[in-house]
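Peer 1: Following this message is one structure expressed as structure tokens.
Residue numbers (our numbering): 1 to 135.
Now the structure itself:
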């Protein structure tokens, strides 16, 4: 949570409608500058006056809050992997046909989740006694 002065200051900066929206979806209020929007419509914000590692955040278009909805380059920026914004990065303009540019959903706890299986014969097996017939 934040202090009452910070919360009231953010209410004054962002307005009542955005203040209520952030309380419902983020659980906190933040005021910052809009840095960019990705292909999916997610909005990315930055405020360097915040506490360290709380200076960047995303307002998701769909309110599922799945980080897999973020483009890979924006995910790198929001997780502090780089300081250059993907729209201003010259290396992004290079064509990479092998790169996965489409966001993939997270299939954890669904039928599409990855399950490992073993195709190798086990090295150790349980001992099974063989009883010889009596004469």
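Where is the CB? At the ideal position from N, CA and C, for every residue including glycine.
According to DSSP, is residue 55 part of a helix, a strand, or is it coil?
Peer 2: It is coil, neither helix nor strand.
Peer 1: Within the continuous alpha helix (DSSP H) that includes residue 137, where are the two ends?
Peer 2: The requested residue 137 does not occur in the structure, where the chain is confined to residues 1 to 135.
Peer 1: Please go through the same chain and pick out, in chain order, the residues whose beta-carbon is closer than 8 Å to the beta-carbon of residue 53, but skip the five residues on each side of it.
Peer 2: 80
Peer 1: Along the alpha helix (DSSP H) that carries residue 45, what are the first and last residues, could you check?
Peer 2: Segment 43 to 46 is the beta strand (DSSP E) holding residue 45; no alpha helix (DSSP H) there.
Peer 1: Nearest by alpha-carbon distance to residue 62: which of 51, 38, 76, 32 is it?
Peer 2: The shortest CA-to-CA distance from residue 62 to any of 51, 38, 76, 32 is the one to 38.
Peer 1: Chain C beta carbons: is any one of them nearer than 9 Å to that of residue 72?
Peer 2: Judged by its chain identifiers, the structure shown contains no chain C, having just a single protein chain.
Peer 1: Sorted by chain position, which residues of the same chain lie with C-beta nearer than 7 Å to residue 32's C-beta, five sequence neighbours on each side aside?
Peer 2: Correct list, in chain order: 45, 46, 47.
Peer 1: Can residue 25 and residue 42 be called in contact, C-beta distance under 9 Å?
Peer 2: For residue 25 and residue 42, no; Cβs fall outside 9 Å.
Peer 1: Between which two residues does the alpha helix (DSSP H) holding residue 74 run?
Peer 2: From DSSP, the alpha helix (DSSP H) with residue 74 extends over 72 to 78.
Peer 1: Locate the alpha helix (DSSP H) running through residue 10, then write down its first and last residues.
Peer 2: 4 to 14
Peer 1: With a CB to CB cut of under 8 Å and the five nearest residues on each side skipped, what residues in its chain are close to residue 67?
Peer 2: 75, 106
Peer 1: Can you tell me whether DSSP reads residue 17 as helix, strand or coil?
Peer 2: helix
Peer 1: Helix, strand or coil for residue 90? Go by DSSP, reduced to three states.
Peer 2: helix
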